[in-house]
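Note sheet for the following structure.
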Amino acid sequence: MAARTKARKRAVDVLYEADLRGADPVELLRERIADPSPPVPDHAIRLVEGVAAHAGRIDGLIGQHARGWSLERLPDVDRAILRMAVFELLWADDVPDAVVIDEAVELARALSTDDSPAYVNGVLGAILDAEVPTSS
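Here the sequence shown stands for residues 1 to 136, numbered as in UniProt numbering.
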């Protein structure tokens, strides 16, 4: 498994756990960093901190583009995957959009329901179409 793929999985784990516990994701991240087994990759730190820094905007976009579901009704792991991927799509310029979406879909395939990969793909595609300008 590639280093960034592992980092994304670790970031989703932290975001998911923080959401379930009603905890601050950055504080939980600090706890995970303090216990270096397993280590927290730098990219995972960047993702969790980025999601926390842009949480309001990220949740607003997911809520706006999650057709048929409110943010609260989404499966918990899907919510964590979407939050991470939206941050990476909009604020991580060093990662191609197609890679972000593909990685998020693969995480949904591995961690969530049978319907989740297509749903995650659709939500992220809609956000990408609405938020990222295309060059002509």
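Each residue gets a CB set at the ideal place from its N, CA and C atoms; glycine is no exception. Since we're looking at a predicted model, the values are computed, not measured.
For the pair Arg46 and Gly68, the Cα-to-Cα distance works out to about 31 Å. For Leu128, the uninterrupted alpha helix (DSSP H) segment begins and ends at Ser116 to Glu131. Separation of the CB atoms of Val14 and Leu28 is rounded to 6 Å, and the pair is thereby assigned contact status at 8 Å. Comparing alpha carbon positions, the residue from Asp129, Phe87, Asp94 and Ile81 closest to Ser112 is Ile81. Secondary structure of Thr5 (DSSP, three-state): helix. With fewer than 16 other Cβ atoms from the protein chains shown falling within 10 Å of its own Cβ, Glu31 counts as exposed.
Shown here, Ala23 sits in coil according to DSSP, grouped into three states, outside any helix or strand. Within the same chain, Leu47, Gly50, Val51, His54 and Ile58 come within 7 Å of Phe87 by CB-CB distance, once the 5 residues on both sides are set aside. The DSSP-derived three-state label of Trp69 is coil.
Distance between Ala104 and Ala23, taken at the CA atoms: about 23 Å. In this structure, Pro38 is the residue among Ala34, Pro38, Val77 and Arg21 with its C-alpha nearest to the C-alpha of Ala7.
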